[in-house]
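Participant: Residue numbers (the numbering used here), protein chains in the order written: chain W, 1400 to 1677; chain Z, 59 to 451. First the structure, which I've put down as structure tokens, then a few questions once you've had a look.
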Amino acid sequence: MDFQKFRGTDKYLTSSALESAVNCALSLERPLLVRGEPGTGKTQLAEAIAGALGLRLIHWPVKSTTRAQDGLYVYDTVQRLYDSRFGDGDVKDIRRYIKHGALGQAFASRERVVLLIDEIDKADLEFPNDLLHELDRMRFVVTETGDEIVARERPAVVITSNAEKELPDAFLRRCVFHFIEFPEKDLMARIVRVHHPDLEQKLLDQALQAFYALRDVDGLRKRPSTSELIDWIAVLRRAGIASVELEAGMPFLGALLKREQDLIAFAEAAMRGRRPRA
Amino acid sequence: MFVPFLYELRDRGVKVGAQEALSLAEALGMGLHRGTLDGFYEVARALCVHREQDLDAFDRAFAHHFRAVPDDALALTDEVLQWLEQPRTRRQLTEGEKKLIERLDLEEARERLRRRIAEQRERHDRGNRWVGTGGTSPHGAGGFHPTGIKVGEAPGGKGALEVAVERRFRDLRSDVTLDTRHIEVALRRLRAFVREGVLSELDVESTIDKTARNAGELEIAMRAPRRSNLRVLLLLDVGGSMDPHADVCERLFSAAKRATHFKELRTLYFHNCVYGRVYRTAGLIDGESVIPLLQECDPSWRLIVVGDALMSPWELQSSGSRWSFGDDSGAPGIAWLMHLAQHFPHAAWLNPEPEAAWYGTAEVIRRVFPMYRLTQDGLLEAVQRLMRGGNRH
């Protein structure tokens, strides 16, 4: 069988395990469930897949109030009521008031698309179960009109979750799973290079050193991640700072640690670290 | 050829079934594993593992199945691995000393490691016989021995077997620790929705109905949003044998406190067993009588008791122990517990001790309250119990 192969892009570096997982999902036409620490590039993965395969990306950001139905279609009753009262357009045509959600758009699309269901864990606990059938069969019926929306080309579905809520078993069984590990220093250096190609080696080394030391500080509630590192380096360069040292006080620490408790935890760790040397 | 491996996975608690077997067969049929063992590792992991908590079990099964890594070498207690991670200052060896270290072949070294671990009972550093750090025994980490086996902490190998043996996902296992986030997630399931409060949502159905009845003249109907209306009573055992668990109790408390979906949360403390009074502070001052408390908290409240349920039997059987601080409770501890269990049909007891330690008084209390371990899995089961209700068993 002929299938498209994903190898990452020049902006998005992957590991071999991640490529395997993506290719499994593409070939078996199953949703790919990606989990991992916040800031490890789960959302960017979908963009990279769309970019690498030359497909359109449909982004469905899930919120705590999102219902599965919103992804299929919304029947705009209020508009129809309004139109019926104030007479604008053909009220008899229900189809005019049916608006496709992200899933509906992905199914109705003429060419294959990448559908990103982002942060699925944010919604209600039942949300993933409500989508099971539609994702499996790649079709749904609009009850108001009786129309069936069938996917012409099965979309490549990428689902991200912040590894914080248990998803239902039945849902998990249908997905290809990948857990994005936090990048090790070598890979991280390459990732930073992608975003800051002309960064001086010395600053990169020092920044990585300080960054990983910071991640090891005990008691952090939110350890800084890749995206924070990239932002931090951008700030350092903008400010013209040529060298950073953890001991000498970190410049722009706020770009890495965003919670007050974490800043306190860091200050305490720094105090402990300094005492034996004094 | 991979079916025995799937059974190996099942033996280790990774729930794989026919669906995984078929997907795997399909994927291999397409050549997704590129004909390599490393590729097989990646494909099988993507298809058989569904949650990161199972990654460690998968790695162990893979290592065991495809290289027959002696299980006992992997079955090192976490304690052993933990102290191997921080090598004590490495001993400086002279050439003479290096020569003196006996040269062992791999098989022999492995066999010795197995025997040593079986014999070894406590932490050991800088010696030349036991498994430890910074020493010259053939087993351990951060030390020196020409043909030694490095225990744990592998050096970032690239092959699948090395990766599997590294067991990098050990920290993600669900039966080990509970951080606040895990607890919050588990507690989030504790909820029951009702509509009450300000009418702030458009009720479409009712609007249509009213508009139709009103001969097409638009008439808007509003309704109150759905909100959780669950009340939780948290009773925490403090002091004495609970001191080692203070940390996890603290986390449970802060998660419960932060949870926004409880209509009301009351946290009260006791020591060893509940008698006539429970206390508003962990210092067991500012007491509150149980009887009026039960009048305030009707049976729809969810009761969560956290304690190791370990005490001397007389504390359970006598009325008013030395911990009741002069409060004439009138009834023995067990009677108070049974009273609580009867009052709250939705109740669960969370025990931070492993199940093996649930003997003596814990065995008795277990018959009064459904008891769960204070781990991620245990907490989830307890929450499910609390939502189903009816704890008679």
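Just so you know, even glycine gets a beta-carbon here, dropped at the ideal spot from N, CA and C. The model shown is predicted, which means the values in this text are computed figures rather than measured ones.
Can you grab the Cα-Cα spacing for the pair Ala20 of chain Z / Leu293 of chain Z, in whole Å?
Facilitator: Outside the displayed span of chain Z (59 to 451) sits residue 20 of chain Z, for which this structure offers no information.
Participant: Tell me, to the nearest whole angstrom, how far the beta carbon of Arg1406 of chain W is from that of Ser1560 of chain W; I am working on the premise that it is less than 8 angstroms.
Facilitator: Not confirmed; about 24 angstroms, so no contact.
Participant: At 3 residues or longer, what runs of the beta strand (DSSP E) sit wholly inside the segment 1445–1509 of chain W?
Facilitator: 1455–1460, 1472–1474 and 1497–1499
Participant: Tell me which residues of the segment 1408–1419 of chain W have at least one Cβ-Cβ distance to chain Z shorter than 7 angstroms, keeping chain order.
Facilitator: Ser1415, Ala1416 and Ser1419
Participant: Since Trp416 of chain Z is in the alpha helix (DSSP H), which residue starts that stretch and which ends it?
Facilitator: Premise fails: Trp416 of chain Z is in no alpha helix (DSSP H) and is neither H nor E.
Participant: Are the C-beta atoms of Asn1528 of chain W and some chain Z residue less than 8 angstroms apart?
Facilitator: no
Participant: Under 8 angstroms between C-beta atoms, does Glu259 of chain Z make it to chain W?
Facilitator: no
Participant: If contact is defined by three or more beta carbon pairs under 8 angstroms, each pair taking one atom from either stretch, is the segment 1515–1530 of chain W in contact with the segment 1466–1478 of chain W?
Facilitator: yes
Participant: What does DSSP give as the partner residues of Trp407 of chain Z in its beta bridges?
Facilitator: Z:Val363 and Z:Met429
Participant: In chain W, which residues lie less than 8 angstroms from Ala85 of chain Z when you measure between Cβ atoms?
Facilitator: Cys1423, Ser1426 and Leu1427
Participant: Find out if the Cβ-Cβ distance for the pair Asp1535 of chain W, Arg1573 of chain W is shorter than 8 angstroms.
Facilitator: yes
Participant: What in chain W is Cβ-close to Thr94 of chain Z, meaning under 9 angstroms?
Facilitator: Neighbours of Thr94 of chain Z on chain W: none; closest Cβ ~10 angstroms, over 9 angstroms.
Participant: Compute the distance between the beta-carbons of Tyr1474 of chain W and Gly1503 of chain W, then report whether it is under 8 angstroms.
Facilitator: no
Participant: What are the partner residues of Val1513 of chain W, as DSSP defines its beta bridges?
Facilitator: W:Leu1456 and W:Ala1555
Participant: To the nearest angstrom, report how far apart Leu1417 of chain W and Gln1443 of chain W are at their CA atoms.
Facilitator: 13 angstroms
Participant: Roughly how many whole angstroms lie between the Cα atoms of Asn1422 of chain W and Arg1494 of chain W?
Facilitator: Roughly 37 angstroms between the two C-alpha positions.
Participant: Would Gln77 of chain Z count as contacting chain W if we go by Cβ distances under 8 angstroms?
Facilitator: yes
Participant: How about Lys321 of chain Z and Asn287 of chain Z: do their beta carbons lie closer than 8 angstroms?
Facilitator: yes
Participant: Using a Cβ-Cβ cutoff of less than 8 angstroms, which residues in the same chain neighbour Glu413 of chain Z once the five nearest sequence positions on both sides are dropped?
Facilitator: Arg431
Participant: Please state whether DSSP places Lys321 of chain Z in a helix, a strand or coil.
Facilitator: strand
Participant: With DSSP run on the structure shown, which of helix, strand or coil describes Gly206 of chain Z?
Facilitator: In this predicted model, Gly206 of chain Z has a pLDDT of only 40, less than 50, meaning its place in the structure is not dependable enough to derive any value.
Participant: Mapping the DSSP letters down to three states, classify Ile1548 of chain W as helix, strand or coil.
Facilitator: strand
Participant: For the segment 259–289 of chain Z, enumerate the residues whose C-beta is nearer than 8 angstroms to any C-beta of chain W, in chain order.
Facilitator: Leu260, Val262, Thr265, Ile266, Thr269, Gly274, Glu275 and Leu276
Participant: Which stretch, first to last residue, makes up the beta strand (DSSP E) that contains Ser347 of chain Z?
Facilitator: Gly345 to Ser347
Participant: Please report whether the beta-carbon of Glu211 of chain Z lies at a distance below 8 angstroms from any beta-carbon of chain W.
Facilitator: Unreliable positioning characterises Glu211 of chain Z in this predicted model, as indicated by a pLDDT of 39, which lies under 50. The coordinate reading is nonetheless provided below. For Glu211 of chain Z, the answer is no, since every Cβ of chain W falls outside 8 angstroms of its Cβ.
Participant: For Ala1555 of chain W and Leu1452 of chain W, what's the separation of their Cα atoms in angstroms?
Facilitator: 10 angstroms
Participant: Need the endpoints of the beta strand (DSSP E) that Asp295 of chain Z sits in, please.
Facilitator: Going by DSSP, Asp295 of chain Z is part of the beta strand (DSSP E) stretching over Leu288 to Asp295.
Participant: Compare the C-beta of Arg1572 of chain W with all C-beta atoms of chain Z and state if any pair is closer than 8 angstroms.
Facilitator: yes
Participant: Just the Cα atoms here: how many angstroms apart are Gly93 of chain Z and Ser1426 of chain W?
Facilitator: 16 angstroms
Participant: Threshold first: 4 residues or longer. Then list the alpha helix (DSSP H) segments lying entirely within the segment 1591–1618 of chain W, N to C.
Facilitator: The segment 1591–1618 of chain W contains these whole alpha helix (DSSP H) runs: 1600–1614.
Participant: Check the Cβ of Ala414 of chain Z against every Cβ in chain W and list those closer than 9 angstroms, keeping chain order.
Facilitator: Going along chain W, no residue has its Cβ under 9 angstroms from Ala414 of chain Z, so there is no contact; the nearest lies around 26 angstroms.
Participant: Taking C-beta to C-beta, are Glu308 of chain Z and Arg281 of chain Z nearer than 8 angstroms?
Facilitator: no
Participant: Indicate whether at least one CB of chain Z lies closer than 8 angstroms to the CB of Ala1550 of chain W.
Facilitator: no
Participant: Please go through the same chain and pick out, in chain order, the residues whose beta-carbon is closer than 6 angstroms to the beta-carbon of Ile1457 of chain W, but skip the five residues on each side of it.
Facilitator: Excluding sequence neighbours, Ile1457 of chain W sits near Ala1501, Gln1504, Ala1505, Val1512 and Leu1514.
Participant: Report yes or no: do the segment 1603–1622 of chain W and the segment 1649–1668 of chain W share at least 3 C-beta pairs separated by less than 8 angstroms?
Facilitator: yes
Participant: Is Leu105 of chain Z close to chain W, meaning its C-beta is less than 8 angstroms from at least one C-beta of that chain?
Facilitator: yes
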